[in-house]
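These notes are about the structure you will find just below.
Protein chains: 2
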Amino acid sequence: MSDRKEFRDLTSPAKAHEAIASLDLEPEPETVAIADARGRILAERVDADLDVPGFDRASMDGYAVRARGTFGADEADPAVLDLVGEVHAGSEPDVFVDEGECAEISTGAVMPDGADAVVMVEKTDELGTEAVEIRTSVAPGDHVMPAGADIAAGQRALGPGTELTPREIGLLSALGKGEIEVRGKPTIGIVSTGDELVRPGEDLNSDAGQIYDVNSYTIAAGVEEAGGEAKLYPHAGDDMDVMEEALTTAAEECDLVLSSGSTSASAVDVVYQVIEERGELLLHGVSVKPGKPMLVGRLADSAYVGLPGYPVSALTIFRTFVAPAIRRAAGVPEPRTATVEGKLATEERYSEGRTRMMPVGLVENEAGETLVYPVDKGSGATTSLVEADGVVEVDADTEYLAEGEQVRVTLFSPSVRTPAVLAFGEDDPAFSRLLDRLKSSRFLSVGSREGLRRLRDGLPDAAVVAGPVRREVESVGLGSWKREWGLIVPEGNPAGIEGFGDLIDGDLRFVNLDTATGLRASADAELERLAAARDTDAAALQNAIDGYGFTLKAHESPARRVLAGEFDAGLGLRATAEKLGLGFVPVDSQTVRVRANPERVEKQGMKDLKAVLSGMEEVLADLPGFEPVDE
Amino acid sequence: MSDRKEFRDLTSPAKAHEAIASLDLEPEPETVAIADARGRILAERVDADLDVPGFDRASMDGYAVRARGTFGADEADPAVLDLVGEVHAGSEPDVFVDEGECAEISTGAVMPDGADAVVMVEKTDELGTEAVEIRTSVAPGDHVMPAGADIAAGQRALGPGTELTPREIGLLSALGKGEIEVRGKPTIGIVSTGDELVRPGEDLNSDAGQIYDVNSYTIAAGVEEAGGEAKLYPHAGDDMDVMEEALTTAAEECDLVLSSGSTSASAVDVVYQVIEERGELLLHGVSVKPGKPMLVGRLADSAYVGLPGYPVSALTIFRTFVAPAIRRAAGVPEPRTATVEGKLATEERYSEGRTRMMPVGLVENEAGETLVYPVDKGSGATTSLVEADGVVEVDADTEYLAEGEQVRVTLFSPSVRTPAVLAFGEDDPAFSRLLDRLKSSRFLSVGSREGLRRLRDGLPDAAVVAGPVRREVESVGLGSWKREWGLIVPEGNPAGIEGFGDLIDGDLRFVNLDTATGLRASADAELERLAAARDTDAAALQNAIDGYGFTLKAHESPARRVLAGEFDAGLGLRATAEKLGLGFVPVDSQTVRVRANPERVEKQGMKDLKAVLSGMEEVLADLPGFEPVDE
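First to last, the sequence lines map onto chains Z and S. My numbering numbers the first residue of the first sequence as 94 and each following residue consecutively. My numbering numbers the first residue of the second sequence as 94 and each following residue consecutively.
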């Protein structure tokens, strides 16, 4: 590798912000129809260019008069005026009110010429059809809403930079604005690179190492959230000419070009070459984790930012450095509730000397305090996108954060809510169905053993624990059920397997589950039992099974490997075998328990979980091998 | 009027919520492309139906081996394996690794068949091109990220009801979902009624009492904000057949029909008749202010709600009763920051025995506390749409709210922000320009006198005061300028007017400004001066001017009436005369002062205002008759 690709001269985050702020992303204003204006930002001040209302409007039912003609009139000495016509709302007056005259008028109607006030009907009496007795005197303007009283022509109605919500749209409608000039949305071109990337919805050839393109759609959604317009460019691959073509086309058509995807050396080389030939590189490499390999520069007349390839890194860099610049260019204000304060639930050490954007999850305790825990599944994991709620920025000099330390979390979006229930533990189809019935929950499939460990440390609201348990953890039982487990084999059980004995004695390939899972704990216990019967030790039996040490983490995974013909048998549930149309050799049943953190049982989310658990019979009804347990 | 139209049997707000909740607005789920999925709500749980990664992936550069072949190997006693090929990221392995063999492999590449572990390159040495020395032993699975380690086929990925933000779109992309089933958006038909309504953008005939249709676009924007799809039906007028046709078409095509607009008796009659013939009326009239005349019912297979005609009433009723039902039908969660607590800045009395939805504005004091003040310009005013920030719900039994009382404000939308500066006072073109340079401000054009009164009561951050001032109010001067005022006359001054004297002595029609304005105060002072010179009193001179008592509120309004040929002269500014191409007879100059609330000068918004005021010379440069003043 060349020096360049190692990003030896890392730029500070502050300098990276400066570099991006120096780029010009701001598009021209545009004109939109009022029906499409919601959420847009006014480009310029809007003054009223007409009066609202547009005419002197009667604000009472009564008679339109010349005020002077009523002067001195009262109950004792009424004035008598000739009735010369009538005016209704929504029609043009066809009458002129002269001295000594009046016209009948209804609320909302246009004042007839000549008249300058309205006498309310309660203070009048008609004398036949041609005259009216007026029992009060009025001043000019009485009971008349003059044209422009709501807003008058020439008045400032809305300022530049105003976000158009239904209210502003109401005022613009009243002003008769059929269309309106708004801030343009910066156009952001997204060029994904990498031979191995396939667009979602297309067929994937995993055997050739293909993976779905995560960054294009994730970043496009982020661009739209920030007030930009995303434009996806055809997948560029690693072919130098194709990629150069995509980058330069995007630069011509967009205010900002983002590339992301492959981190392969050849792709990086092409980007460097294109930027250096046709633009300017302002910085390469920022001292943050994740996201070190970030490029900022200009490409033709466009701005350019190169994002890292791993999705979590790409989205973190995008949110931290690029989204604020898009918002500024679009005139969109920073979101209001984008941060939350909380206490760190576990200590955290780090010492790479880079600013760290630490992805974290949130959980609330009974007192409503927010606890914050790091989510670190490695940059390559896409699930951490949804298992984290935001990011804590940790200074490059901070090597240690203590448990209980107050931290500020920048939420991934203003709509992020702390999950009502946070559970860790065994992946189980029945529990998945329970979660579907809860409004907002998060479950981390870490296996029974790890779930219990985290419950002991006080982090989750609940743990899902299956099978035998080695150590006790203080908890409150919320509910339990049984599930049948055994060996999953090809349809029709062609090898005629009857149990673990056949795996030990025969020449069969087995696929196991991780030791953190409750299913594996039950399988280990079964081998202990067999070892005792055979007068040997369990380790010897494990060694005798080809593949006992080859473990997968998810409970359906062994079954799917059997389905793919890669193994003769795998550990799993009867429910999985039936779902996938495979054969099943029953071994035993194990109990799954939902165990609550004793300090969280009064949380609303936990009460909701308990309520949902009371409907367990219905949840289990069509799950083969599952049955309720009263404990 | 019939009994019915008086809404004698008013329903309680709680019962109105119940009636709307009993209607079914929920549409069928729909399928959208992943690129269009942002902001949508998942209709059903999404399970992974493939492993991510989709293949066993090398997580180090090195050699793919069978782990068994390395057992016992160490620095002292390395194993030697035959090198049989190489595998790169993004390509399909064309090699099988048998016992005693290995293959070169790069990070991210597919594990070749036969191999079950990777030895990192640092622990190896190539022996020529055909053999490799392995200086460590590895276990099966070492340095291999197994297929499904991120998320495995069969695992629950996202729950039903999840809002799709960029993060969820990232995970769905990783799972290869090109399209996704989401909750449908309820279709809301909006039928506006009323002969006098004209769509914004079309020509308005004010002489015939026409006004722009405010409700259709306002409510449509509110529908979209709540997660619905708005559909506008051609303007229905008051014609019975046309309106019946519009209502029944909307009912066939939509989940909910909203009608609003005319409150005329004939329109209400048609709605009643159509609902009763083709549907069911559940309630008419709710005990709330504003918004009493609200209808709830069914129309064919659709739900129906009739909104009041006045825009503020219509939007209040929509937000209070209809928007929550649309959100429920769309699966959209209630917005998080939709309320704010604050102290009432002024006492408030009310005793109509109805629940009151009191529109209020917000202002922050120096301590960051929120103060709340009622905004009541009457239901007919559209400007109160943008001058209020939210609504305080006041119980029907509460007749008095004390100053300082803590109230809860339901914001009009989660993006509502308390204005950085709240100013009251004289409408002035220079101050309007200053406001354009501030990020978020609110100015209420109430005239100099009323602005000073509110400043004395401690409500606004600042008051804009022009002309002579009768009483002193404790304040901090922020800046000032002069503006030239006089009589605005038709172009070329056809009547040869030279000053107020000509209005007093001649037969000319004059149009004045409201006594709350500083311009009027200066005009009154000028008449005092003339009266002294003529040895009479000012009242006599005022009476001698035809129209001195006919007043308008906005500073440009008299000029526009002169422009329309309705008057021979009007009170106004030189700047206005030049802007509108009118003649101008100068009388004098007056000083405009920006006076700060002494307890708010340290607010950030006020500091920003002060900074903007320092650039006054530039602001005034092209405003005729304006000049800076140092005081």
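Note that beta-carbon positions come from the ideal geometry of N, C-alpha and C, so glycine has one too.
Counting C-beta neighbours from all protein chains within 10 Å, is the total for residue i 16 or more, i.e. buried, or is it exposed?
i	result
S/Thr629	exposed
S/Gly446	exposed
Z/Lys700	exposed
S/Glu194	buried
Z/Leu713	buried
Z/Asp149	buried
Z/Asp521	buried
If you follow the alpha helix (DSSP H) that residue i is in, where does it begin and where does it stop?
i	result
S/Ala263	Correcting the residue identity first, residue 263 of chain S is Gly in this sequence and not Ala. Residues Pro259 to Ala267.
Z/Lys44	Given that chain Z is displayed from residue 94 to residue 724, the structure contains no residue 44 of chain Z and the question cannot be resolved.
Z/Phe536	No alpha helix (DSSP H) contains Z/Phe536, which is instead part of the beta strand (DSSP E) from Ser534 to Ser538.
Z/Thr311	Asn308 to Glu318
S/Ala616	Gly611 to Arg627
Z/Val436	Looking at the sequence itself, residue 436 of chain Z is Lys, so the reference to Val does not match. Segment Thr432 to Leu437 is the beta strand (DSSP E) holding Z/Lys436; no alpha helix (DSSP H) there.
Got a sec, what are the start and stop residues for the beta strand (DSSP E) residue i sits in?
i	result
Z/Arg249	Arg249 to Leu251
Z/Tyr326	Glu322 to Tyr326
Z/Pro80	Residue 80 of chain Z lies beyond the stretch modelled for chain Z, which goes from 94 to 724, so this question has no answer here.
S/Val604	Phe603 to Leu606
S/Phe677	Gly676 to Ala689
S/Glu345	Taken as a continuous stretch (DSSP letters only), S/Glu345 belongs to no beta strand (DSSP E), being part of the alpha helix (DSSP H) at Met333 to Glu346.
S/Gly454	Thr448 to Glu457
Z/Val225	Ala224 to Ile227
S/Thr409	Unbroken run through S/Thr409 is the alpha helix (DSSP H), Pro404 to Ile410; no beta strand (DSSP E).
S/His377	Gly372 to His377
Output the distance between the C-alpha atoms of residue i and residue j, rounded to the nearest integer angstrom.
i	j	result
S/Gly320	S/Gly424	8 Å
S/Leu606	Z/Arg501	54 Å
S/Asp235	S/Gly221	26 Å
S/Arg371	S/Asp332	18 Å
S/Val291	Z/Ala128	15 Å
S/Leu634	S/Ile597	6 Å
S/Tyr403	S/Gly473	6 Å
Z/Met709	Z/Gly640	36 Å
Z/Ser477	S/Val694	47 Å
Z/Pro171	S/Val655	35 Å
Z/Leu537	S/Tyr156	33 Å
Z/Gly147	S/Leu264	55 Å
S/Leu716	S/Ala523	8 Å
Which chain S residues are close to residue i, counting only those with a beta carbon under 8 Å from its beta carbon?
i	result
Z/Tyr443	The contacting residues do not exist; Z/Tyr443 stays about 21 Å from chain S at best.
Z/Thr644	Gly234
For a contact meaning CB atoms closer than 7 Å, what does residue i contact in chain S?
i	result
Z/Val307	Gly263, Ser266 and Ala267
Z/Phe505	Thr258 and Arg260
Using a Cβ cut-off of 8 Å, pull out every chain Z residue sitting near residue i, in sequence order please.
i	result
S/Asp167	Chain Z residues near S/Asp167: none, gap ~20 Å exceeds 8 Å.
Name the chain S residues that come within less than 9 Å of residue i, Cβ to Cβ?
i	result
Z/Leu528	Arg138, Arg249 and Gly252
Z/Ala422	Neighbours of Z/Ala422 on chain S: none; closest Cβ ~16 Å, over 9 Å.
Z/Thr475	Val145, Asp243, Ile244, Gly263, Leu264, Ser266, Ala267 and Leu268
| message | Taking 8 Å as the cut-off, does the segment 438 to 449 of chain S touch the segment 204 to 222 of chain Z (at least 3 CB pairs, one atom from each stretch)? | response | no
| Looking at C-beta atoms only, is the number of pairs between the segment 160 to 167 of chain Z and the segment 280 to 290 of chain Z that lie closer than 8 Å three or more? | no
| field | Cβ pair count under 8 Å reaching 3, the segment 550 to 564 of chain Z against the segment 620 to 627 of chain Z | value | no
| message | Tell me whether the segment 300 to 316 of chain S and the segment 396 to 414 of chain S touch, counting them as touching only if at least three CB pairs, one residue from each stretch, are closer than 8 Å. | response | yes
| query | Pairing CB atoms from the segment 503 to 511 of chain S with CB atoms from the segment 182 to 201 of chain Z, are three or more of them under 8 Å? | reply | no
| said: Quick test of the definition: if touching needs 3 or more C-beta pairs under 8 Å, does the segment 416 to 423 of chain S touch the segment 451 to 459 of chain S? | reply: no
| said: Taking contact to mean 3 or more Cβ pairs, one atom from each stretch, closer than 8 Å, check whether the segment 293 to 312 of chain Z and the segment 263 to 279 of chain S are in contact. | reply: yes
| query | When the Cβ atoms of the segment 675 to 685 of chain S are set against those of the segment 486 to 503 of chain S, are three or more pairs found closer than 8 Å? | reply | no
| query | Pairing CB atoms from the segment 113 to 128 of chain Z with CB atoms from the segment 232 to 246 of chain Z, are three or more of them under 8 Å? | reply | no
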